[in-house]
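Notes follow once the structure below has been shown.
Residue numbers (this note's numbering): 93 to 240.
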């Protein structure tokens, strides 16, 4: 969005509604693995990577009919903020501390501006979808409090 490049990158997952027959795990076992990993302090994206790499589970939603985030919310293990927003907030906090130490670093101050604009757009999107409360706002002074 903020670069001069053209086109969009990435790939799309093939549309598959049923799970593979060779998979050894069933619905309940996968949910137990997900809750155990969440209790160990893993985020939903880390859980997805672990399930893919260590357990050989290519797609949780095809088997359980729920996403990892939905399973975590059902078991009351989800975080208060969405994961992408949390990652952007930690990035903005690191950039802000760097810019305070190095005020002449213009490229990082530009990066901070771009990151904060992404945060504000994402907050507006989540408010529209009622994922965040309507009175939620991005305050530079309270970033650390939001991430706890």
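All C-beta atoms, glycine included, are put in the ideal place defined by N, C-alpha and C.
From a predicted model like this one, the values you see are computed outputs, not experimental measurements.
| query | result |
| --- | --- |
| Assess contact between the region 168-180 and the region 124-140, defined as three or more Cβ pairs (one per stretch) separated by less than 8 Å. Is contact present? | yes |
| By a C-beta neighbour count over all protein chains shown, 10 Å radius and 16 as the cutoff for buried, is residue 239 buried or exposed? | exposed |
| On the DSSP letters alone, give me the boundaries of the alpha helix (DSSP H) that residue 162 sits inside. | 160-166 |
| Can you check which of these residues, 173, 187, 125 and 129, is closest to residue 200 by C-alpha distance? | 187 |
| Counting pairs of beta carbons, one from the region 183-197 and one from the region 154-165, are three or more of them closer than 8 Å? | no |
| Could you tell me whether the Cβ atoms of residue 184 and residue 161 are closer together than 7 Å? | no |
| Evaluate residue 232 with the Cβ neighbour count: other Cβ atoms within 10 Å of its Cβ, from every protein chain shown; 16 or more gives buried, anything less gives exposed. | exposed |
| Where does the unbroken alpha helix (DSSP H) through residue 193 begin, and where does it stop? | 175-193 |
| CA-CA distance, residue 163 and residue 126? | 8 Å |
| Taking the C-alpha atoms as reference points, what is the distance between residue 218 and residue 209? | 14 Å |
| Please state if the CB of residue 149 and the CB of residue 143 are separated by a distance shorter than 7 Å. | yes |
| Is residue 229 closer than 7 Å to residue 211 when the C-beta atoms are compared? | no |
| Tell me whether residue 174 is buried or exposed, calling it buried when 16 or more other Cβ atoms sit within 10 Å of its Cβ. | buried |
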